[in-house]
Each structure stands twice: as structure tokens, then as C-alpha cells.
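Heads up, the thing below is written out as C-alpha cells.
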Amino acid sequence: MAGVGTDMWLRNHDACASLAQDIMIKINERNEAQGDKSRQAKVSAMVRQSIQAFSTDFNRLKEDLIKAVASFQITQREIERRQTMIDTLTTRQRQIEQAFKNEPSNLDNRTSLFGQGIGPVSSSLNPYMDEADDTRNLSVADILQQHQQTVKEQDHGLEALSRVISRQKKYGSKYRRRGQLPK
């Protein structure tokens with residue numbers, strides 16, 4: 000009889016995952032109906048009902064897993080696999096909630112997303128677009144050469160640091176052999 004319950008849990012999981020996918024499709028449909036407020040309202044109501052059904056089914060799925068664990072109906076490996084499946088649905092639930100909260104009217108304002116005007120991205124939106132004064136008028140080859148020189152200098156510094164550490168290690172082992180440390 001445990002096999003029947005096991006299959007039922009997996010069927011319920013698949014139905015819950017399918018419902019989550021349908022909800023995301025409806026949310027996208029709502030977002031695409033930007034000009035039609037009545038359609039947006041109708042689809043939003045359907046999404047709310049589907050989210051409520053999803054939450055109920057999801058909670059039942061978690062409870063059924065807890066019952067199966069408590070009654071030792073499934074193996075430890077299967078428990079872990081199902082817990083991973085529950086975690087995936089939890090993530091999906093958060094995505095649904097976030098997508099539903101993002102009303103299409105919030106997405107309409109292009110300037111809030113991309114900044115003013117068309118053209119190069121402003122440095123306030125992308126700090127990596129700022130170019131340093133010392134490289135502004137250099138060619139790519141010059142910048143590459145400057146980079147290689149910097150790497151060489153760093154390598155020399157690391158080699159010097161390595162020598163210092165080696166020397167300190169030798170002194171430490173020398174004093175440790177003697178059984179005393181200098182004061």
C-alpha cells in the first residue's frame with residue numbers, strides 16, 4: 000500500500016508544479032494586456048484564485064511529506080529527493096509572489112529602467128563604464144601593455160613576499176630546534 004501513497008504524492012507534486020507554471024503564464028498574460036484595464040483586472044482575479052489554490056495544494060503536499068516521514072513509508076534518500084522538490088516549489092512560490100506584485104503599470108516607465116534618452120549608458124547606472132583618466136586616450140594595445148607591466152610588478156612583489164616568508168619560516172624552525180625563541 001505504501002507504493003500507492005508514494006505515487007499519489009508524486010502526482011500531487013506534478014499537479015502543483017503544473018499549477019505554478021500556469022500561474023506564471025497568467026501573470027505574463029496580465030502584463031501583456033497593458034492597455035486593457037478590465038482584462039488586467041479579470042486575469043489578476045484569476046491569478047489570485049490560482050495562487051490561493053496553489054498555496055493550499057502546496058501546504059497539503061508538505062503535510063503529506065511530513066506524515067510519510069513520520070510513518071516511515073519512504074526511504075531516507077526519497078525523503079531528501081522530495082524535500083528538494085519541495086524546496087524547488089518554495090522558490091517557485093516566491094517567484095510567483097514577486098511577479099504578481101510587479102504590476103504592469105510599474106513596468107511601463109522605461110526611463111526608470113534604462114535612464115534618460117537613447118545613447119550611451121550613463122555612468123551613474125553602470126559604474127564600470129567610467130574610464131580612468133590615465134587610460135582614456137590609450138589604444139587597446141597600450142592598455143594591454145600597461146596591464147602586462149602591472150602583472151609583472153605584482154609577480155615581483157609576490158616573489159619578494161615569498162622569500163620573506165621562507166626566511167621567517169627558517170628562523171622559526173631554527174629557534175624551535177633550539178627550544179627557545181628570541182626575546
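Each residue of the sequence shown is one higher than the last, beginning at 0 in numbering that gives the first Met the number 0. Note that the Cβ used here is the ideal one computed from N, Cα and C, for glycine as well. Note that this is a predicted model, so its numbers are computed, not measured.
Three or more C-beta pairs under 8 Å: does that hold for the segment 45-57 against the segment 71-79? The segment 45-57 vs the segment 71-79: no contact.
Determine the burial state of Arg175: buried for a count of at least 16 other Cβ atoms within 10 Å of its Cβ, exposed for fewer. In the sequence shown, counting from the first residue as 1, residue 175 sits at position 176. Arg175 should be labelled exposed.
Quick one: residues in its chain with C-beta nearer than 6 Å to the C-beta of Glu11, no 5 flanking neighbours on either side, listed in chain order? As a first step, residue 11 must be located in the sequence shown, where it is residue number 12. Before going further, note that residue 11 is Asn rather than Glu in the sequence given. Answer for Asn11: Leu60, listed in chain order.
Contacting residues, own chain, Cβ-Cβ under 7 Å from Met23 (five flanking each side not counted): Taking the first residue of the sequence shown as position 1, residue 23 is located at position 24. In chain order, Ile95, Ala98 place their CB closer than 7 Å to the CB of Met23, counting only its own chain and leaving out the 5 sequence neighbours on each side.
Can you give the Cα-Cα distance for Met7 and Phe71, rounded to whole angstroms? Locating residue 7 in the sequence shown gives position 8, counting from the first residue. Locating residue 71 in the sequence shown gives position 72, counting from the first residue. Straight through space, the alpha carbons of Phe71 and Met7 are spaced by roughly 16 Å.
To the nearest angstrom, how far is it from the Cα of Arg109 to the Cα of Gln92? In the sequence shown, the residue the question calls residue 109 occupies position 110. In the sequence shown, the residue the question calls residue 92 occupies position 93. Note that Arg109 scores 45 on pLDDT, short of 50, meaning its location in the model is unreliable and no value can be drawn from it.
Hey, Leu88 and Ala16 are a contact pair by Cβ (cut 8 Å); roughly how many whole angstroms apart? Within the sequence shown, residue 88 is the residue found at index 89, counting from 1. Within the sequence shown, residue 16 is the residue found at index 17, counting from 1. Indeed, because the Cβ distance is near 7 Å, the residues count as touching under 8 Å.
In chain order, what residues of the same chain lie with their CB nearer than 6 Å to the CB of Arg81, ignoring the 5 residues before and after it? Position 82 of the sequence shown holds residue 81. Only Leu64 meet the Cβ criterion.
So what does DSSP say about Phe71, is it helix, strand or coil? Within the sequence shown, numbered from 1, the residue matching residue 71 stands at position 72. Correct three-state label for Phe71: coil.
Taking only three categories from DSSP, how would you classify Glu136? Taking the first residue of the sequence shown as 1, we reach residue 136 at position 137. A small fix is needed here, since residue 136 is Asn in this sequence, not Glu. If DSSP states are grouped into helix, strand and coil, Asn136 belongs with coil.
Val42 and Ala32 - do their beta-carbons sit closer together than 8 Å? Looking up residue 32 in the sequence shown gives position 33. Looking up residue 42 in the sequence shown gives position 43. The answer is yes: Cβ separation under 8 Å.
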